[in-house]
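Participant: Take 1377 as the starting number for the sequence shown in the working numbering and just add one per residue.
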Amino acid sequence: MPRTLPRLLAACLALAALTACGGGGLGGPWPFPVVDETAVALHELVNDARASGRSCGTRGWFDAAAPLALEPRLTRAAQLHSEDMHDAGAMSHTGSDGSTFTQRIDRQGYAYATAGENVARGYPTPEAVMAGWLGSDGHCANLMHGGFTDLGAGESGAYWTLVFARPR
1377 MPRTLPRLLA ACLALAALTA CGGGGLGGPW PFPVVDETAV ALHELVNDAR
1427 ASGRSCGTRG WFDAAAPLAL EPRLTRAAQL HSEDMHDAGA MSHTGSDGST
1477 FTQRIDRQGY AYATAGENVA RGYPTPEAVM AGWLGSDGHC ANLMHGGFTD
1527 LGAGESGAYW TLVFARPR
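1. With 16 other CB atoms within 10 Å as the buried threshold, where does Glu1503 fall?
2. Taking a contact to mean a Cβ-Cβ separation below 8 Å, would you say Asp1526 touches Leu1450 in this structure?
3. Taking C-beta to C-beta, are Val1539 and Gly1522 nearer than 8 Å?
4. May I ask you to report which of helix, strand or coil DSSP gives Ala1504?
5. Write down every uninterrupted run of the alpha helix (DSSP H) in the segment 1453-1493 whose length is 4 residues or greater and which is fully enclosed by it, in chain order.
6. Determine, using beta-carbon pairs with one atom in the segment 1470-1487 and one in the segment 1506-1523, whether at least three such pairs fall under 8 Å.
7. Determine, using beta carbons only, whether Ala1491 and Val1505 come nearer to each other than 8 Å.
8. For Arg1544, count the other beta carbons within 10 Å of its own beta carbon; 16 or more makes it buried, fewer makes it exposed. Which is it?
9. Under 7 Å Cβ to Cβ from Ser1431, same chain only, skipping five residues before and after it: list those, please.
10. Using 8 Å as the threshold, is the C-beta distance between Ala1534 and Gly1498 below it?
11. From what residue to what residue does the alpha helix (DSSP H) around Glu1447 run?
12. Note down the Cα distance separating Leu1421 from His1457, rounded to an integer number of angstroms.
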């Protein structure tokens, strides 16, 4: 199946859900933003990477892992953190308000059993940032972690965030 078809389908489903719930944007009745094409592309790339086993350098070998679901609350947490990093002009796992990634997940109402976060800056495309994360031992280990089931993804001005989690 061409890569653009799943992206188009995901965008249509997200738009249909938004319309059916009678709201839009961050202030409407629908509490989550539409998952955009960048989040869909990152989701696809993460699942492509997880489909095969790989070495994550000093973190060792990781067997292939199950695909992750693109989760709207985690995507909102990731997108808001990317925007915060962009606005602050600094890449960090700590938000400009001092928040941790787990606090940002909590704010979106996602009850997690385990969670992780990847951040990056300066990459021009989803493919480039994914290559960077796969080349970093710790980021690669997060991508391949078999205990995660859900994913959120965001980007703002070349600041990138992935949020990984498994619900309680």
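Note that CB positions come from ideal geometry on N, CA and C, so glycine has one too.
Facilitator: Short version:
1. That one is exposed.
2. The Cβ-Cβ distance between Asp1526 and Leu1450 falls below 8 Å.
3. No, Cβ-Cβ distance for Val1539 and Gly1522 is not below 8 Å.
4. Three-state DSSP puts Ala1504 in a helix.
5. Counting whole runs of 4 or more residues, the segment 1453-1493 contains the alpha helix (DSSP H) stretches 1477-1483.
6. No, the segment 1470-1487 is not in contact with the segment 1506-1523.
7. Against a cut-off of 8 Å, the Cβ pair of Val1505 and Ala1491 comes out as no contact.
8. When all chains shown are included, Arg1544 counts as exposed.
9. Within the same chain, Ser1431 has close Cβ partners Trp1437.
10. In this structure, Gly1498 lies closer than 8 Å to Ala1534 by Cβ.
11. First-last for Glu1447: undefined, no H or E at that position.
12. Each residue's Cα considered, the two are about 20 Å apart.
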